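Visitor: I'd like to ask you about the structure that follows.
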Amino acid sequence: MSMNRREFLQILAAASAAGFALNSRALLAAQAGEKLYDLPRFGNVHLMHFTDCHAQLLPIYFREPNVNMGIGGAIGKVPHLVGEKLLKAYHIQPGGREAHAFTYLDFEQAAKTYGKVGGFSHLATLVKQLRAGRPGALLLDGGDTWQGSGTALWTKGQDMVDACKLLGVDVMTGHWEYTLGAKRVMEIVEKDFAGKLDFVAQNVKTTDFGDPVFKPYALREMNGVKVAIVGQSFPYTPIANPRYMVPDWTFGIQDEEMQKAVNAARGEGAQVVVVLSHNGMDVDLKMASRVTGIDAILGGHTHDGVPQPVKVQNKGGVTLVTNAGSNGKFLGVLDFDVKAGKVSDFRYKLLPIFSNLLAADTEMATLIEKIRAPYLGKLEEKLAVSEGLLYRRGNFNGSWDQLILDALMDVKGADLAFSPGFRWGTSILPGQAITFEHVMDQTAITYPMSTLTEMSGEQIKTILEDVCDNLFNPDPYYQQGGDMVRVGGLTYACDPNAKIGGRIQDMRLGGKPLDASKKYKVAGWAPVAENAQGEPVWEVVARWLRDKKTVTPRQLNTPSLIGVKGNPGIA
């Protein structure tokens, strides 16, 4: 038996009146949840959106970035605002729940005060509550769902497929899903999803004849209104991830093809057209200015928790652009009021999922318990205790990445180390035990090999310049990866505003300038080349942690930044 929050509050009130002693924290939490999640229905088209959950089925801690720089025309614009500047832009009161959800500010204390976020059983409760007041509402999954945890890796994404079906996802697109390999993706789409869930991606074609691999869009009718959901998978999948996993598919942004898909959907009678995108927010903002006929882009990939949509003008009118965070921490709710065949008004709210404010859905909790049961002993192994905060997100480094770098250098005997600028991964509070599950949360990919390679100083600079351009190229359409590669052992300076070849400066190892012609031993992991060999990185890190037993706070190795003073994307 489950009850909604109003019923729960009524029971608490009745118990109090009858003289029962009540836990005031439970009552306050229920009342806070009542206010936060009381979202009145508006209009006649209702969309719920989550993205980049990275297979996190349970509630977690997740720290938002304190560095998310915009360059060129993006300086000072959404999503490149952090901390107080973000709060001010959206008129969010400092020190409260929403301030904690959207920023890194006072993270350790706020996390202890407000508890964990996300969790599919709590998300399921909210989805059911919203659906009850929004007839026909669609639940959209922006991708990066089947990857990011030990159970997702070991079940080849089946845990998340089953959870999303139970959650009631209607339409999804993808990115990290493709790292399971084309064969596995098609198996899920054609078998698990058949007749239940649409996987859409207008920009994925076959390499031979350019035929569509997936449906470009899904057309649904809601309250007498035809709604089209157009899919846009991550355009640079074969560059950011191994090409050999999807050898017969092409990707790309494909503005012209997107325009054709939008026009086709309109031609079939769609009065509302929404793009379910995994472009990243900067790319979505540019696309919205170039492609007409899109009412909203519900975006992902860059993990930006953006409280309200950006309104982008184009030749056809206005397109709303959103991004709904990551790790199951948020649920976006977009309501359209459609009159005379077109959108006349909208309401949007990005709701943080506080697990202590939303009761766990019994059916989802039972499924999650069943999924985890065969692996529980492995997941719960305590490897060490962290004395400091461990987090990942940020343009240049995070303490979790620093830990991985330190482990790689120690175990491999390397001069320096690289770790990919992945945005996914959970956070750990000081004093918390680091379990094997936590390590998998940072490393669970299908190409986890750790490596030790000899590189010249010149090659090292070339790699850093290339990755930096992927992040700081002023044209969003050339931003092809995640955050900056994390670097251990090597100090350097970075001028994000410079052109490629001139951004990376003053590289030093042990205080001495890096020699362009000298060879150095470089540790790393996640090679995109086929047939790469090496011990899985989680084994390297787990062994290092077992030996340490207690991990002192990590000293972040971040570059000296040039020419970015006053940038509101830097705390």
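In terms of the working numbering, the sequence shown opens at residue 9 and continues consecutively. Just so you know, even glycine gets a beta-carbon here, dropped at the ideal spot from N, CA and C. Every value quoted in this text rests on a predicted model; they were computed, and no experiment measured them.
Measure from the alpha carbon of T566 to the alpha carbon of each residue in Y500, Y244 and K378, then state which is nearest.
Guide: Numbered from its first residue, the sequence shown carries residue 566 at position 558. Of the candidates Y500, Y244 and K378, the one whose C-alpha sits nearest the C-alpha of T566 is Y500.
Visitor: Assuming the contact rule is C-beta atoms closer than 8 Å, G301 and V270 should be a hit. Round their C-beta distance to whole Å, please.
Guide: For the purposes of this step, residue 301 is taken as residue 293 along the sequence shown, with counting starting at 1. For the purposes of this step, residue 270 is taken as residue 262 along the sequence shown, with counting starting at 1. At roughly 4 Å, the Cβ-Cβ gap stays under 8 Å, so G301 and V270 are in contact.
Visitor: Roughly how many whole angstroms lie between the Cα atoms of M289 and E264?
Guide: Within the sequence shown, the letter at position 281 stands for residue 289. Within the sequence shown, the letter at position 256 stands for residue 264. In a straight line, the C-alpha of M289 is about 19 Å away from that of E264.
Visitor: To which residues does DSSP link C502 through a beta bridge?
Guide: For this step, residue 502 is matched to residue 494 along the sequence shown. According to DSSP, C502 bridges with I512 and L569.
Visitor: State the DSSP-derived secondary structure class of T181, mapped to helix, strand or coil.
Guide: The residue you call residue 181 lines up with position 173 of the sequence shown. Coil.
Visitor: Can you tell me the Cβ-Cβ gap for G340 and M56, rounded? I've got them flagged as a contact below 8 Å.
Guide: As a first step, residue 340 must be located in the sequence shown, where it is residue number 332. As a first step, residue 56 must be located in the sequence shown, where it is residue number 48. Yes, G340 and M56 are in contact; Cβ-Cβ is about 7 Å, under 8 Å.
Visitor: Quick test of your reading: V169 and D200, contact by CB under 8 Å. State the CB separation rounded to the nearest angstrom.
Guide: Residue numbering aside, residue 169 sits at position 161 when the sequence shown is read from its first letter. Residue numbering aside, residue 200 sits at position 192 when the sequence shown is read from its first letter. Contact flag correct, Cβ pair sits at about 5 Å.
Visitor: Do you know offhand how far I100's Cα is from G78's?
Guide: For the purposes of this step, residue 100 is taken as the residue at position 92 of the sequence shown. For the purposes of this step, residue 78 is taken as the residue at position 70 of the sequence shown. Going by the C-alpha atoms only, they are around 21 Å apart.
Visitor: By how many angstroms is the C-alpha of G103 removed from the C-alpha of R554?
Guide: Position 546 of the sequence shown, counted from the first residue, corresponds to residue 554. Position 95 of the sequence shown, counted from the first residue, corresponds to residue 103. Taking the straight line from one Cα to the other gives about 37 Å.
Visitor: Buried or exposed: which applies to T187, given that a residue is buried once 16 or more other Cβ atoms fall within 10 Å of its Cβ?
Guide: Taking the sequence shown and counting its residues from 1, the one referred to as residue 187 is at position 179. With 16 or more Cβ atoms within 10 Å of its Cβ, T187 is classed as buried.
Visitor: Just to confirm, are Y455 and W162 a CB contact at a threshold of 8 Å?
Guide: For the purposes of this step, residue 455 is taken as residue 447 along the sequence shown, with counting starting at 1. For the purposes of this step, residue 162 is taken as residue 154 along the sequence shown, with counting starting at 1. Not a contact, by the Cβ cut-off of 8 Å.
Visitor: Thinking C-alpha only, which one of Y486, L569, K223 and K526 is nearest K294?
Guide: Numbered from its first residue, the sequence shown carries residue 294 at position 286. Per the Cα distances, Y486.
Visitor: Measuring CA to CA, which of L284, R431 and G127 is closest to P67?
Guide: Taking the first residue of the sequence shown as 1, we reach residue 67 at position 59. Out of L284, R431 and G127, G127 has the C-alpha closest to the C-alpha of P67.
Visitor: I'd like the span of the alpha helix (DSSP H) that includes N533, first residue to last.
Guide: By one-based count along the sequence shown, residue 533 stands at place 525. Before going on, a small fix: residue 533 reads as Trp here, not Asn. Segment K527 to W533 is the beta strand (DSSP E) holding W533; no alpha helix (DSSP H) there.
Visitor: Tell me the DSSP secondary structure of R228 in three-state form.
Guide: Counting from one through the sequence shown, the residue named residue 228 turns up at place 220. Reduced to three states, the DSSP call for R228 is strand.
Visitor: On a Cα-Cα basis, can you pick out the residue from G519, E538 and G51 that is closest to N231?
Guide: The count along the sequence shown starts at 1 and reaches residue 231 at position 223. With distances taken between Cα atoms, N231 lies closest to G51.
Visitor: Assuming A97 and H88 are in contact, meaning their beta carbons sit under 8 Å apart, how far apart are those beta carbons, in whole angstroms?
Guide: Here residue 97 refers to the residue found at position 89 when the sequence shown is read from its first residue. Here residue 88 refers to the residue found at position 80 when the sequence shown is read from its first residue. In fact, because the Cβ distance is near 11 Å, the residues do not count as touching under 8 Å.
Visitor: Just to confirm my understanding: we take Y399, look at its own chain, exclude 5 residues before and 5 after, and list those with CB closer than 7 Å. What are they?
Guide: Looking up residue 399 in the sequence shown gives position 391. The residues are R71, G406, S407, W408 and S435.
Visitor: D312 and K136 - do their beta-carbons sit closer together than 8 Å?
Guide: Your numbering for residue 136 matches position 128 in the sequence shown. Your numbering for residue 312 matches position 304 in the sequence shown. Against a cut-off of 8 Å, the Cβ pair of D312 and K136 comes out as no contact.
Visitor: Tell whether a beta-carbon distance below 8 Å holds between V291 and F259.
Guide: Here residue 291 refers to the residue found at position 283 of the sequence shown. Here residue 259 refers to the residue found at position 251 of the sequence shown. The answer is no: Cβ separation not under 8 Å.
Visitor: Determine the closest residue to S297 out of A273, M266, G275 and K529, with distance taken between C-alpha atoms.
Guide: Here residue 297 refers to the residue found at position 289 of the sequence shown. Ranking the options by Cα distance to S297, first place goes to M266.
Visitor: Rounded to whole angstroms, what's the CA-CA distance from N539 to T310? Just pull it up for me.
Guide: Along the sequence shown, one-based indexing puts residue 539 at 531. Along the sequence shown, one-based indexing puts residue 310 at 302. The straight-line gap from Cα to Cα measures roughly 29 Å.
Visitor: Grab me the residues of P48's own chain with a C-beta within less than 6 Å of its C-beta, minus the 5 sequence neighbours each way, in chain order.
Guide: Within the sequence shown, residue 48 is the residue found at index 40, counting from 1. Taken in chain order, the list of residues that qualify is empty.
Visitor: Are D206 and A226 close, meaning C-beta to C-beta below 8 Å?
Guide: Within the sequence shown, the letter at position 198 stands for residue 206. Within the sequence shown, the letter at position 218 stands for residue 226. Going by C-beta atoms, D206 is nearer than 8 Å to A226.
Visitor: Please report the straight-line C-alpha distance between Y69 and A119, rounded to a whole angstrom.
Guide: Taking the first residue of the sequence shown as 1, we reach residue 69 at position 61. Taking the first residue of the sequence shown as 1, we reach residue 119 at position 111. Roughly 7 Å separates the two Cα atoms.
Visitor: Using only CA atoms, which one of P315, Q410 and L113 lies nearest to A332?
Guide: As a working note, residue 332 is residue 324 in the sequence shown. Of the candidates P315, Q410 and L113, the one whose C-alpha sits nearest the C-alpha of A332 is P315.
Visitor: What is the DSSP secondary structure of S394, reduced to helix, strand or coil?
Guide: Counting from one through the sequence shown, the residue named residue 394 turns up at place 386. In the structure shown, S394 sits in a strand (DSSP, three-state: E or B).
Visitor: Of the choices I468, T560 and E229, whose alpha-carbon is the least far from that of V346?
Guide: Working through the sequence shown from its first residue, we reach residue 346 at position 338. Measuring from the Cα of V346, the nearest candidate turns out to be E229.
Visitor: Decide if R251 is buried, meaning its Cβ has at least 16 other Cβ atoms within 10 Å, or exposed.
Guide: Reading the sequence shown from its first residue, position 243 is the one you call residue 251. That one is exposed.
Visitor: In chain order, which alpha helix (DSSP H) runs of at least 4 residues are fully inside the stretch 454-481?
Guide: Fully enclosed alpha helix (DSSP H) runs of 4 or longer: 465-480.
Visitor: Looking at the structure shown, is G324 part of a helix, part of a strand, or coil, going by DSSP?
Guide: Your numbering for residue 324 matches position 316 in the sequence shown. G324: coil per DSSP, three-state reduction.
Visitor: With DSSP as the reference, please indicate the residues paired to G340 in a beta bridge.
Guide: As a working note, residue 340 is residue 332 in the sequence shown. Per DSSP, H57 and L358.
Visitor: Count Cβ pairs between the stretch 500-509 and the stretch 430-446 that sit closer than 8 Å; are there 3 or more?
Guide: In short, these stretches do not touch, since the Cβ pair count stays below three.
Visitor: Pick helix, strand or coil for T434, following the three-state DSSP scheme.
Guide: What you label residue 434 is simply residue 426 of the sequence shown in a count that begins at 1. Here T434 sits in coil by DSSP.
Visitor: Indicate whether V447 and V549 have their beta-carbon atoms separated by less than 8 Å.
Guide: The residue given as residue 447 occupies position 439 in the sequence shown. The residue given as residue 549 occupies position 541 in the sequence shown. In this structure, V549 lies closer than 8 Å to V447 by Cβ.
Visitor: Could you tell me which of E185, Q321, E466 and V53 sits nearest to F354, measuring between CA atoms?
Guide: Counting from 1 along the sequence shown, the entry for residue 354 is found at position 346. Nearest of E185, Q321, E466 and V53 to F354, Cα basis: V53.
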